[in-house]
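Heads up, the thing below is written out as structure tokens.
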Ligand SMILES: Nc1ncnc2c1ncn2[C@@H]1O[C@H](COP(=O)(O)OP(=O)(O)OP(=O)(O)O)[C@@H](O)[C@H]1O
Ligand SMILES: [Mg+2]
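Numbering (my numbering), first residue to last: 2 to 451.
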């Protein structure tokens, strides 16, 4: 349960940065003014590029970075851009510091899980597989043994072809079920693990006779495999420590140790089992460590206990790269009376590279608004873009970019396809920016509940 909730939260947060595809740097690591959905913030992007390089070279492990800057200057956006640059294989997990203080799960548990989601193990295995382009699939569907109302695939006959060979194989229900579930059809390139029967779809091969092609954006086109259909294949999988914990826990359950997962928490024994297993694989060269990134937004909201937990986590044998972000200057470390830069204890600060992010000028705000509105499918007149830009310089980028979607609704209600000046005037009356909402609260302090 805890698992599912967390994933959802991250997706929501990611969507306000969905226009960001990377750091937008050239080969020399210089930031292009507008690229990969990012605008300006040149120095911070170049600094982030160097961090990406260090991570790839394995030189950032056990260290971290801290983005410091006012609200809406792209700290979270840059953290996501770093994740994009690191590639699919690098684990990246993101939490907001406030999530640490859940009422259901212990602080250290939330942090431990986040840390273990940010450390990857790349496992290479040589497996016997059948691989090729699907030329034909014939399924035998029968009534399910456990649910007579449902029909399930019982067996199948698959014809696979490479550039050099064609082979028809008979498969049982384990494989047939997966062929059915993944909707494997003519023209797909697949491989089937000869031992476990696991089926993997690598993509579509172009130009297969009798295959239908729907040009869906997400379709990946791949080369037709060569050589024999049955062969040895090197398979690379990157799992996080948390993936392995869940696996180990599930196995323990099937052996009858039911207490392994307890109220959304993973038992420490399970983690020790995982660590032993992983260390053994690393020592025997059966796996490689892939240190990932743990991003904690609004880091000033962490307390002294959380900070010492993180400092210790960075010193551990298996440790992630920590990215923190904050918009606070000198402030009290939560849970103490001690003041410190950004509310972060100095022993942790010592391990962090600090990257400042600066407020945007009008041109940058205009560009970011254009990119955001395109991403959201929001139409604006030239005048409205100018008006919003002006408003953005007076209030904040945050405020105006959050206003785009309400503006779209307002324009629609006013029967307009594109946002006009009148819509903006209306929106400003309905939604306050932070400065005017605090002013409002102060004026009405006596009337508002405290
Ligand atoms: N340089 C940029 N280029 C393109 N889009 C940006 C840039 N900087 C910020 N944005 C976008 O502007 C919005 C606000 O930025 P973001 O949330 O990253 O700010 P932040 O510094 O994390 O603010 P806070 O301190 O309030 O958390 C987001 O939609 C973000 O994707
Ligand atoms: Mg942020």
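Even for Gly, the Cβ is constructed at its ideal location relative to N, Cα and C. Being a predicted model, the structure only gives us computed values, none of them experimental.
{"query": "Where residue 415 and residue 327 are concerned, what is the direct C-alpha to C-alpha distance, given to the nearest angstrom?", "result": "39 Å"}
{"query": "Applying the criterion that 16 or more other CB atoms from any shown protein chain within 10 Å of the CB defines a buried residue, is residue 114 buried or exposed?", "result": "buried"}
{"query": "Compute the distance between the beta-carbons of residue 271 and residue 250, then report whether it is under 9 Å.", "result": "yes"}
{"query": "In the DSSP assignment, find the unbroken alpha helix (DSSP H) run with residue 383 in it and report its ends.", "result": "383-395"}
{"query": "Hey, residue 407 and residue 92: beta-carbon distance below 9 Å or not?", "result": "no"}
{"query": "In chain order, which alpha helix (DSSP H) runs of at least 4 residues are fully inside the segment 14-65?", "result": "43-57"}
{"query": "List the DSSP bridge partners of residue 95.", "result": "296"}
{"query": "Which residues neighbour ligand 2 when neighbourhood means a C-beta less than 6 Å away from any of its non-hydrogen atoms? List them by chain order.", "result": "76, 77, 298, 326"}
{"query": "Tell whether a beta-carbon distance below 9 Å holds between residue 177 and residue 141.", "result": "yes"}
{"query": "Looking only at its chain, what residues have a beta carbon closer than 6 Å to the beta carbon of residue 203, apart from the 5 residues adjacent to it on each side?", "result": "190, 223"}
{"query": "Could you tell me if residue 381 is buried or exposed, where buried requires 16 or more neighbouring beta carbons within 10 angstroms of its beta carbon?", "result": "buried"}
{"query": "Kindly examine ligand 1 and report whether one of its heavy atoms sits closer than 8 Å to the Cβ of residue 74.", "result": "yes"}
{"query": "Whole angstroms are fine: how far does the CA of residue 244 sit from the CA of residue 259?", "result": "Because residue 259 sits at a pLDDT of 44, beneath the cut-off of 50, its placement in the model cannot be relied upon, and the following sentence gives the value as read from the coordinates. Looking at the two C-alpha atoms, the distance is approximately 18 Å."}
{"query": "CA-CA distance, residue 89 and residue 80?", "result": "15 Å"}
{"query": "With a threshold of 16 other CB atoms inside 10 Å of the CB of residue 42, please say whether the residue is buried or exposed.", "result": "buried"}
{"query": "Please find out if some non-hydrogen atom of ligand 1 comes closer than 8 Å to the beta-carbon of residue 362.", "result": "no"}
{"query": "Going by the C-beta, is residue 471 closer than 8 Å to any heavy atom of ligand 1?", "result": "Since the first and last residues shown for the chain are 2 and 451, residue 471 lies out of range."}
{"query": "In the structure shown, what three-state DSSP assignment does residue 203 receive?", "result": "strand"}
{"query": "Spell out a yes or no on whether the segment 141-157 and the segment 235-242 are touching, meaning 3 or more CB-CB pairs, one atom from each, closer than 8 Å.", "result": "no"}
{"query": "Would you say residue 358 touches ligand 1, meaning its beta carbon is less than 8 Å from a heavy atom?", "result": "yes"}
{"query": "In this structure, how does DSSP classify residue 119 when only helix, strand and coil are distinguished?", "result": "coil"}
{"query": "Applying the criterion that 16 or more other CB atoms from any shown protein chain within 10 Å of the CB defines a buried residue, is residue 409 buried or exposed?", "result": "buried"}
{"query": "Run the proximity test for residue 71: is its beta-carbon closer than 8 Å to any non-hydrogen atom belonging to ligand 1?", "result": "yes"}
{"query": "Cβ of residue 372 within 8 Å of any heavy atom in ligand 1?", "result": "yes"}
{"query": "Using the Cβ count rule (16 or more neighbours within 10 Å means buried), how would you classify residue 23?", "result": "buried"}
{"query": "Between the segment 42-61 and the segment 347-367, do at least 3 Cβ pairs fall closer than 8 Å?", "result": "yes"}
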